[in-house]
Amino acid sequence: EVSRYRVMLKRLNAHNKVRYFTSRKMISFLGTTVINCIERNPFLQNQLPIVQDLELVQIDHFDESINDLIEIVNKENPVMVDRNITYLNWRYAKVPIVKYAIYVAKIKGRVQGYIILRCEKQGNAIVGRVFDLIVPEENEIIANHLVQKAMSVFRENNVDFILFRSIVKNYIRRVMKRHGFFYPPLV
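Just so you know, we're using my numbering here: the sequence shown kicks off at 17 and counts up by one.
So, in structure tokens, the structure goes:
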């Protein structure tokens, strides 16, 4: 197996979760309240270990600081599109019509990984998309912090559900499942 290109999904908006099951307002209100209490309970949330000197920074374009990360990731994934600064800026930073949110994880100024997000309206739903999550395999904890940042950005934007479509390596699959993502049937 070289790799698989898969879609993972996570429902995020509690009101819409309940709305799929009932149209009664009182039951919907109670269900939403219960789900919110469970999802926001600090004892039930995934507590990530603290990473010394970790910064999650939003950027508007990629620069030379990402070269070391790209070199490592390209060696780990020879079948993947070559992500160089020119390609990443063309694909995500310099797109005039679409706005992507790009977050990089840095430790002492050195880029350890990045995640690229976008929110869009589709019908009656607001969909959050994770377009790219790049972290070297030995930095799984950094991937967890980037996904946690994405979840908070999507919550701030009242996203109903999140789609993550990527070549899924085992460590990325573990990270996404830890944050409640699942493989929907027949997608």
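C-beta atoms are modelled at their ideal positions from N, C-alpha and C, and glycine is treated no differently. Source: prediction; values computed, not measured.
*Please determine if the segment 135-144 and the segment 86-103 are in contact, where contact requires at least 3 C-beta pairs separated by less than 8 Å.*
no
*Taking just the CA atoms, how far does R107 sit from K115?*
11 Å
*Apply the 10 Å Cβ neighbour rule to Q74 and answer buried if 16 or more other Cβ atoms are within range, or exposed otherwise.*
exposed
*Mark K110 as exposed unless 16 or more other C-beta atoms lie within 10 angstroms of its C-beta, in which case mark it buried.*
exposed
_Using CA atoms only, rank isn't needed, just tell me which of L149, C135, N155, P201 is closest to L28._
C135
*Taking D148 as part of the beta strand (DSSP E), name the residues at either end of that continuous run.*
141-150
_Beta-carbon contacts of N173 that lie in its chain and below 8 Å, excluding the five residues immediately before and after_ = C135, I142, G144
*May I ask you to report which of helix, strand or coil DSSP gives V73?*
strand
*Should P200 go down as buried or exposed, given a rule of 16 or more other Cβ atoms within 10 Å for buried?*
exposed
*Could you tell me the distance, in whole angstroms, from the CA atom of E87 to the CA atom of V175?*
33 Å
*C-beta atoms of F180 and M167 nearer than 8 Å*: no
*Per DSSP, what kind of secondary structure is H195 in: helix, strand or coil?*
coil
*Among G129, H77, K124, A121, nearest to N90 - alpha-carbon criterion*: G129
_Distance, E71 Cα to H161 Cα_ = 10 Å
*May I ask which residues mark the beginning and end of the alpha helix (DSSP H) holding E156?*
156-172
*asked:* Quick check on L28: does DSSP put it in helix, strand or coil?
replied: coil
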